[in-house]
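Taking the working numbering, I'd label the letters of the sequence shown as residues 1 to 448.
Don't be surprised by glycine CBs; every beta carbon is placed ideally from N, CA and C.
What follows is one structure encoded as structure tokens, with my remarks underneath.
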Amino acid sequence: MMANHKDDIGLPDCSLRYHKSEVTSLIFVTWPLRSQTPILISGDAGGVLVCWDPVTRRPIFTFNRNLESRVVAIQDLEDGLIAVLFKDHKLRFLQLPNKSLQSTNSKGCDTNELAAPELNEIYKIPVNTLNFANFLLQKIGERSYRLVCTNTQDSEAIDIYTFNLSDMHSLKRIYKGVNFSGIIEKIPNEPPASKADKLGIVMKFIERDGDIYCGLESGYVIGFRLHNNAESNEDNISSSFNFIEIVYVSSAHYPNPVLDLSLDTSNGDILSTSTADQIGIHRNFQLKPNVKEKFISDDSGFIKAPVDMTIACTIFQQMPMSKLSHIVPLNDCLLISSWTGRTLIIRANEVLAKISKSKSSVMVSESSQGSFQGENDTKKIEEPDKVSSLAGYPSPAGQAELGHESDIKIRPGQRRRIKNFLEKSWCVIGYEDGSIAFHQIYLDQRVI
Numbered sequence: 001m002m003a004n005h006k007d008d009i010g011l012p013d014c015s016l017r018y019h020k021s022e023v024t025s026l027i028f029v030t031w032p033l034r035s036q037t038p039i040l041i042s043g044d045a046g047g048v049l050v051c052w053d054p055v056t057r058r059p060i061f062t063f064n065r066n067l068e069s070r071v072v073a074i075q076d077l078e079d080g081l082i083a084v085l086f087k088d089h090k091l092r093f094l095q096l097p098n099k100s101l102q103s104t105n106s107k108g109c110d111t112n113e114l115a116a117p118e119l120n121e122i123y124k125i126p127v128n129t130l131n132f133a134n135f136l137l138q139k140i141g142e143r144s145y146r147l148v149c150t151n152t153q154d155s156e157a158i159d160i161y162t163f164n165l166s167d168m169h170s171l172k173r174i175y176k177g178v179n180f181s182g183i184i185e186k187i188p189n190e191p192p193a194s195k196a197d198k199l200g201i202v203m204k205f206i207e208r209d210g211d212i213y214c215g216l217e218s219g220y221v222i223g224f225r226l227h228n229n230a231e232s233n234e235d236n237i238s239s240s241f242n243f244i245e246i247v248y249v250s251s252a253h254y255p256n257p258v259l260d261l262s263l264d265t266s267n268g269d270i271l272s273t274s275t276a277d278q279i280g281i282h283r284n285f286q287l288k289p290n291v292k293e294k295f296i297s298d299d300s301g302f303i304k305a306p307v308d309m310t311i312a313c314t315i316f317q318q319m320p321m322s323k324l325s326h327i328v329p330l331n332d333c334l335l336i337s338s339w340t341g342r343t344l345i346i347r348a349n350e351v352l353a354k355i356s357k358s359k360s361s362v363m364v365s366e367s368s369q370g371s372f373q374g375e376n377d378t379k380k381i382e383e384p385d386k387v388s389s390l391a392g393y394p395s396p397a398g399q400a401e402l403g404h405e406s407d408i409k410i411r412p413g414q415r416r417r418i419k420n421f422l423e424k425s426w427c428v429i430g431y432e433d434g435s436i437a438f439h440q441i442y443l444d445q446r447v448i
């Protein structure tokens with residue numbers, strides 16, 4: 001995809017078609033049997049998951065249980081395991097089959113007709129999906145995880161669980177209905193007018209260096225750390241040993257909601273977006289754990305903050321559009337999509353490319369009689385298709401050479417295609433019409 005004029009709309013290098021409804025989630029993962037080439041996983045509004053080989057552009061695994069339930073979010077747990085939150089209030093753990101990718105050698109067939117093997121469901125947890133929030137899983141042991149999600153009844157609060165995938169009855173809620181409003185009221189903020197009376201529903205979760213950050217409807221971004229120094233559950237918690245420490249507070253987007261959070265792995269910064277034409281940059285300041293520090297507490301006593309904490313001064317970066325629904329840092333570029341259906345690739349404050357996908361909206365005259373003058377003629381209006389998900393794949397500089405891949409026999413032609421894909425960086429966009437577009441990122445190209 002190349003564009004060299006401010007009005008140019010770059011066409012995709014390729015498009016994937018399988019989904020019959022809006023593509024709601026996209027993520028690249030690695031698979032143990034093909035560690036040097038990625039897998040793209042897409043989910044849609046009908047509850048269908050597809051694992052793609054981005055080189056051959058064909059499905060290799062699917063998950064379709066006729067749930068008719070929207071895929072909200074996907075998290076890669078590595079080693080061929082993913083967690084998927086569905087709108088039917090279930091968090092499902094799916095394992096990629098332990099077999100070679102036979103479909104990568106398929107030729108001349110439509111992707112909708114491929115009989116790709118199914119992902120294996122190995123675990124399931126009930127989770128609130130009444131709002132827009134994703135979820136966050138942290139690995140705490142062998143097949144053991146900590147789950148952070150919205151409360152089962154109150155979307156403005158957070159629940160925290162632990163469980164082990166080897167034990168179907170191991171789910172234990174260690175914190176119930178965590179709400180940060182009480183502690184935020186005690187933290188100074190300048191000017192006071194920017195302090196929210198109500199934080200609103202939880203919009204997004206993300207992890208940085210073991211700490212958990214959440215974006216809220218009020219525009220706040222709050223980071224917190226768990227101090228679990230004694231075995232506990234929600235009915236038996238000692239705040240002397242087990243508590244939640246607030247490590248970061250920003251009113252970056254107040255009073256507008258946080259629409260997306262993303263981690264820039266190159267520097268540890270968290271990027272946030274909202275309805276305005278700017279992104280918030282939340283610096284990685286490496287606050288160290290210190291249980292002996294003096295704290296202030298909320299009324300429950302289990303949520304604490306350092307006595308000298310203040311609302312952080314957020315750095316902002318201006319963007320050439322507003323209503324920023326998705327953001328993906330990719331090497332030294334930013335991939336940003338808007339509610340308007342536009343996607344920008346930005347590097348060092350310069351727009352490298354503008355991307356949108358037009359859909360035809362046909363307005364038909366309701367009159368039963370035609371008009372030679374054309375007053376009631378059919379009119380055709382071009383509208384951009386809504387961007388419903390966004391992902392990026394960075395070129396692993398200096399690592400495009402392929403070594404041996406166990407269980408996969410690569411022919412010379414296929415090896416060239418894999419190498420050609422890995423040598424490039426990609427912007428991948430999921431659309432409301434069910435299509436997925438791949439756009440190559442050209443760093444030497446600039447929109448003028």
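Coarse secondary structure for residue i, derived from DSSP in three states
i: THR419; result: First, the residue type needs correcting, since residue 419 is Lys and not Thr in the sequence shown. Here LYS419 sits in helix by DSSP.
i: SER322; result: coil
i: SER272; result: strand
i: ILE183; result: helix
i: LEU33; result: helix
i: CYS313; result: coil
i: PHE285; result: coil
i: MET203; result: strand
i: VAL258; result: coil
i: TYR248; result: strand
i: LEU171; result: coil
i: ALA83; result: strand
i: VAL387; result: strand
i: TYR431; result: strand
i: HIS439; result: strand
i: ARG297; result: The identity of residue 297 in the sequence shown is Ser, whereas the question assumes Arg. Strand.
i: ASN128; result: coil
i: ASP197; result: coil
i: LEU263; result: strand
i: GLY177; result: strand
i: ASN98; result: coil
Those residues which DSSP pairs with residue i across a bridge
i: ILE140; result: None, per the DSSP bridge assignment.
i: GLN414; result: In the DSSP output, where bridge partners are listed per residue, GLN414 has none listed.
i: ARG208; result: ASP211
i: GLU118; result: THR62
i: ASP53; result: ARG58
i: SER350; result: The question names Ser, but residue 350 in the sequence shown is Glu. Per DSSP, ARG347.
i: VAL23; result: ASP44
i: SER15; result: ALA437
i: LYS304; result: GLU245 and SER297
Same chain, Cβ closer than 7 Å to residue i, five either side skipped, listed in chain order
i: ILE187; result: VAL249, ALA305, MET309, THR310 and ILE311
i: LEU171; result: ILE125, TYR161 and PHE163
i: SER73; result: Reading off the sequence shown, one finds Ala at residue 73, where the question assumed Ser. Cβ neighbours of ALA73 beyond the five flanking positions: SER25, LEU85, ASN134 and PHE135.
i: ASN179; result: GLU156 and ALA157
i: ARG143; result: ASN164, LEU165 and SER166
Distance, residue j Cα to residue i Cα
i: THR129; j: ASP88; result: 7 Å
i: ALA166; j: PRO384; result: Looking at the sequence shown, residue 166 is not Ala but Ser. For SER166 and PRO384, the distance between alpha carbons rounds to 46 Å.
i: ASN256; j: LYS419; result: 44 Å
i: ALA353; j: ILE315; result: 24 Å
i: SER15; j: ASP299; result: 54 Å
i: GLU459; j: MET319; result: Nothing about residue 459 can be read from this structure; the chain reaches only from 1 to 448.
i: HIS439; j: GLY341; result: 15 Å
i: SER297; j: ILE303; result: 6 Å
i: ASP7; j: ARG347; result: Only weak support is given to the placement of ASP7: the predicted model assigns it a pLDDT of 45, under 50, and the value that follows is read from those uncertain coordinates. Spanning the two alpha carbons is a distance of roughly 18 Å.
i: PRO396; j: ILE183; result: 43 Å
i: PRO329; j: ARG208; result: 15 Å
i: ARG65; j: LYS176; result: 31 Å
i: THR152; j: THR265; result: 31 Å
i: GLU293; j: ILE244; result: 13 Å
i: ASN284; j: LEU443; result: 27 Å
Beta-carbon proximity list for residue i, same chain, < 6 Å, skipping 5 on both sides
i: SER181; result: LEU199
i: ARG92; result: VAL84, GLU121 and LYS124
i: ALA437; result: PRO12, SER15 and ILE429
i: THR37; result: ILE418
i: PRO117; result: PHE61 and PRO97
i: ALA45; result: SER21, GLU22, THR24 and ARG70
i: LYS90; result: LYS124
i: LYS359; result: GLU383 and ASP385
heavy atom of the ligand ATP below 7 Å from residue i C-beta
i: PRO32; result: By its list of ligands, the structure shown contains no ligand whatsoever, and the ligand ATP lies outside what it can speak to.
Neighbourhood of residue i by C-beta distance below 8 Å, restricted to the same chain and skipping five residues each side
i: GLY219; result: ALA196, SER251, ALA252, HIS253, TYR254, PRO255, ASN256, PRO257, VAL258 and SER274
i: SER368; result: With a pLDDT of only 47 at SER368, under 50, the local geometry of the prediction cannot be trusted, and the value read off the model is given with reservation. So no residue of the chain qualifies.
Three CB pairs or more closer than 8 Å across the segment 74 to 81 and the segment 53 to 60: Because the criterion of three Cβ pairs below 8 Å is not met, the segment 74 to 81 and the segment 53 to 60 do not touch.
At least three beta-carbon pairs within less than 8 Å, the segment 323 to 337 to the segment 261 to 276: Enough Cβ pairs lie closer than 8 Å, so yes.
Cβ contact check for the segment 421 to 433 and the segment 385 to 392: 3 or more pairs under 8 Å: Output reads yes: the segment 385 to 392 touches the segment 421 to 433.
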